[in-house]
Amino acid sequence: MYPVLLAGVVSVAVVTIGAGWEPGLPSMLFLLGVVVYLGVLERVIPYERAWHPRGREWRWYGVYFVVTGVGGSLAQGAVSGVVGMVAAPEPVWPLGVEIPLAVLAGALASYGVHRLGHTNAWLWRLHGVHHVPEKVNVANNGVNHVLDVAFSQGATQLALACAGFSQDSVFAAGLFVVAQGYFVHANIDVRLGWLNHIVSGPEQHRLHHSTDLAEAGHYAVDLSVLDHVFGSFTWKPGRRPEAVGLHDPASFPPTGAVGATLAHPWRRRAGR
Numbered sequence: 014m015y016p017v018l019l020a021g022v023v024s025v026a027v028v029t030i031g032a033g034w035e036p037g038l039p040s041m042l043f044l045l046g047v048v049v050y051l052g053v054l055e056r057v058i059p060y061e062r063a064w065h066p067r068g069r070e071w072r073w074y075g076v077y078f079v080v081t082g083v084g085g086s087l088a089q090g091a092v093s094g095v096v097g098m099v100a101a102p103e104p105v106w107p108l109g110v111e112i113p114l115a116v117l118a119g120a121l122a123s124y125g126v127h128r129l130g131h132t133n134a135w136l137w138r139l140h141g142v143h144h145v146p147e148k149v150n151v152a153n154n155g156v157n158h159v160l161d162v163a164f165s166q167g168a169t170q171l172a173l174a175c176a177g178f179s180q181d182s183v184f185a186a187g188l189f190v191v192a193q194g195y196f197v198h199a200n201i202d203v204r205l206g207w208l209n210h211i212v213s214g215p216e217q218h219r220l221h222h223s224t225d226l227a228e229a230g231h232y233a234v235d236l237s238v239l240d241h242v243f244g245s246f247t248w249k250p251g252r253r254p255e256a257v258g259l260h261d262p263a264s265f266p267p268t269g270a271v272g273a274t275l276a277h278p279w280r281r282r283a284g285r
């Protein structure tokens, strides 16, 4: 199933760039395709049936998907304007060289931003929202604070643009990021074997959501080799989290309290 996901990334990038299309619509259609594909696999080969969303959870996840999507799009509009000004309009190197380098650079920037979200007290007030659910699946990948989405997406794309990557490379790398973001959260019984040491997968990211902080490393959502480099790799074959969610559940409002969750960073001190 993973090669199919990567084939989708490559196909959409090749067709969109080759046809000279604006990336907005292809990106949205690709996102929907990834969600549907992984959502079907969650039902066919689930990792944990108890992690399937229940009725009211679907409503909550839908609200978060819309709120963070709208807020992220507004923020992304401003970021795209800056990217358009600082990113090279045409590739400096052949795209076959530039895109892999952009993926690597983007993964490095994403790792840094994600780790900051766990180690900086105020950024944790934003990012901790994502760790409230006590299950990991495609649907609750969208449970985020709108400012966390804007910060993480904006910082990564600006880093790529300022590094001199072209708009086409930033777009292609973004497709890979979207695919990986949903893939690692998928509640599917899939094992990558030795590839776990190179690319991030669900086996590792479930540990990232573990309530046991000793095993909750894996800040890389794209390339797990970065967890090896920076000492946050904890996965080994057969290792499974006992429970996922917050180490201190009382430190954040429940996921269903959307208003309280969005206001939480300014209301009281968040826990670990």
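Numbering-wise (the working numbering), the sequence shown opens with residue 14 and increments by one.
Ideal Cβ positions, reconstructed from N, Cα and C, are used throughout, including at glycine.
Is residue 223 helix, strand or coil by DSSP?
-> Within the sequence shown, numbered from 1, the residue matching residue 223 stands at position 210. Three-state result, residue 223: strand.
Closest to residue 208 by CA distance: which of 202, 238, 218 is it?
-> Against the sequence shown, residue 208 aligns to sequence position 195. Cα-wise, what sits closest to residue 208 is 238.
Contact the segment 147-154 vs the segment 50-65: 3+ CB pairs below 8 Å = yes
Inter-residue spacing [alpha-carbon to alpha-carbon] between residue 161 and residue 217 | Counted from its first residue, the sequence shown places residue 161 at position 148. Counted from its first residue, the sequence shown places residue 217 at position 204. For residue 161 and residue 217, the distance between alpha carbons rounds to 22 Å.
If we count the other Cβ atoms within 10 Å of its Cβ and call it buried at 16 or more, is residue 15 buried or exposed?
-> By one-based count along the sequence shown, residue 15 stands at place 2. Residue 15 comes out exposed.
Per DSSP, the bridge partner or partners of residue 58 | Sequence index remark: in the sequence shown, residue 58 carries index 45 (1-based). Looking at the DSSP assignment, residue 58 forms no beta bridge with any residue, so it has no partner.
Rounded to whole angstroms, how far is the Cβ of residue 173 from the Cβ of residue 115, which I believe are closer than 8 Å?
-> The residue you call residue 173 lines up with position 160 of the sequence shown. The residue you call residue 115 lines up with position 102 of the sequence shown. At roughly 6 Å, the Cβ-Cβ gap stays under 8 Å, so residue 173 and residue 115 are in contact.
Bridge partners of residue 201, per DSSP?
-> Translated into positions along the sequence shown, residue 201 becomes position 188. Residue 201 is bridged to 59.
Leaving out five residues before and five after residue 211 in sequence, what residues of the same chain have Cβ atoms less than 6 Å from its Cβ?
-> What you label residue 211 is simply residue 198 of the sequence shown in a count that begins at 1. The answer, listed in chain order, is 238.
Under the assumption that residue 278 contacts residue 138 (Cβ atoms under 8 Å), give the Cβ distance between them as a whole number of angstroms.
-> Taking the first residue of the sequence shown as position 1, residue 278 is located at position 265. Taking the first residue of the sequence shown as position 1, residue 138 is located at position 125. Confirmed, about 4 Å.
Evaluate the contact criterion for the segment 245-259 versus the segment 213-232: three or more CB pairs, one atom per stretch, below 8 Å.
-> yes
Would you list the one or two residues that DSSP bridges to residue 257?
-> Against the sequence shown, residue 257 aligns to sequence position 244. Its beta-bridge partners are 223.
Kindly indicate the opening and closing residues of the alpha helix (DSSP H) around residue 111.
-> Position 98 of the sequence shown, counting from 1, holds the residue named residue 111. 108-132 is the span of the alpha helix (DSSP H), which, as asked, contains residue 111.
Can you tell me whether residue 111 is buried or exposed, with buried defined as 16 or more other CB within 10 angstroms of its CB?
-> Stepping through the sequence shown from its first residue, residue 111 is reached at position 98. So residue 111 counts as buried.
Measure the beta-carbon distance from residue 133 to residue 77 and round it to whole angstroms, keeping in mind my assumption that it falls under 8 Å.
-> Reading the sequence shown from its first residue, position 120 is the one you call residue 133. Reading the sequence shown from its first residue, position 64 is the one you call residue 77. Their Cβ separation, rounded to whole angstroms, is 22 Å, which puts residue 133 and residue 77 out of contact at 8 Å.
On the premise that residue 213 lies in contact with residue 229, defined as a C-beta separation below 8 Å, what is that separation, rounded to the nearest angstrom?
-> Position 216 of the sequence shown, counting from 1, holds the residue named residue 229. Position 200 of the sequence shown, counting from 1, holds the residue named residue 213. 14 Å between Cβ atoms; not a contact.
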